[in-house]
Ligand code: GRF
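In the numbering used here, the protein residues as written are 6 to 215.
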C-alpha cells in the first residue's frame, strides 16, 4: 500500500496540526507523512509548529488573489504539484470554491467542533459554535471529522466524539474540552484510517473496515 502524502491547511494556532504531528511520531498514524503545511496567514503559530517538526510550509494569503476561485485554483495546483493524497483542513479559515473538492473528491477532511448536523454551517465557527450549543441547552456536544463536499460542513461523516456539557461550562471551557478530549483524538484516528485504506464511502454513508 502506497504511503500517503498529507497536506495540512491551517490559519491559526495549529493545535490540531500538533496532534497530527505527534500521532505520526507515536505511530498512531501509520502509512502517511505530512508533506506540506499550507497557511492562509503568515502569522499563524501553526507555521512554527511545522518548522519545529521539519515540515515544509507554504503561505497562501487570500489578499494576493482576485477572488476565492483564483485563490482555490492556486491552492489546488500547489497540492497537485506536491502529489498530495489527503488534504486536512485543521482550522483553515479561508473560503474555498468547489474547484478543490472536484479535484480531490473524498480526499479532503475537516474537523468541526460540534456534533454535526447541530451547530454547523455558515456562521458557526470558533467560539460561536459553543455559545450556540450552551444557549440551546444541549446536554452533550463534541466534534465531527467529515469529508468536505461542496456545501458547508455537509459532507459524509467519518467520526464523531461526544462529551457531556457541565453545569459550569462557558463557551471557552467547552471549546477547550472539545479540543482536548475530542478533536485531538478523532482527527488523527480518521487520518490513520484514511492512510491505511480503511475508509469506504457509499453516498453519505462512511464505513471503517478493519
Ligand atoms: C478547532 O476548534 C477546529 O475545530 C476548528 O478550528 C479550530 C482550530 O484550532 N475548525 P487549531 O488551529 O487546530 O488550534
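Quick reminder that beta carbons are idealized off the backbone N, C-alpha and C, glycines included.
In the three-state reduction of the DSSP assignment, residue 79 falls in the helix class. Residue 165 is bridged by DSSP to 149. In the DSSP assignment, residue 63 forms a beta bridge with 43.
Of the other Cβ atoms in all chains shown, fewer than 16 fall within 10 Å of the Cβ of residue 6; this residue is therefore exposed. Around the beta carbon of residue 209, a 10 Å sphere encloses fewer than 16 other beta carbons of the protein chains shown; the residue is thus reported as exposed.
The criterion of a C-beta distance shorter than 9 Å is not satisfied by residue 151 and residue 190.
The ligand GRF never approaches residue 163 closely enough for any of its heavy atoms to be under 8 Å from the residue's Cβ. Comparing alpha carbon positions, the residue from 104, 148, 29 closest to residue 168 is 148.
Excluding the 5 residues flanking it on each side, residue 111 has same chain C-beta neighbours closer than 6 Å at 152, 206, in chain order. As DSSP reads the structure, residue 12 sits in a beta bridge with 41, 92.
No heavy atom of the ligand GRF is found nearer than 8 Å to the CB of residue 6. When DSSP states are grouped into helix, strand and coil, residue 206 belongs to the strand group. Closest option to residue 38, judged by alpha-carbon separation, among 154, 214, 193, 204: 193. Counting C-beta atoms within 10 angstroms of its own C-beta, residue 99 has 16 or more neighbours from the protein chains shown and is therefore classed as buried. Under the three-state reduction of DSSP output, residue 213 falls in the strand class.
The beta carbon of residue 63 sits no closer than 8 Å to any heavy atom of the ligand GRF. Here the segment 63-77 lies against the segment 90-107, with 3 or more beta-carbon pairs under 8 Å apart. A residue is called buried once 16 or more other Cβ atoms fall within 10 Å of its Cβ, and residue 118 is buried on that count.
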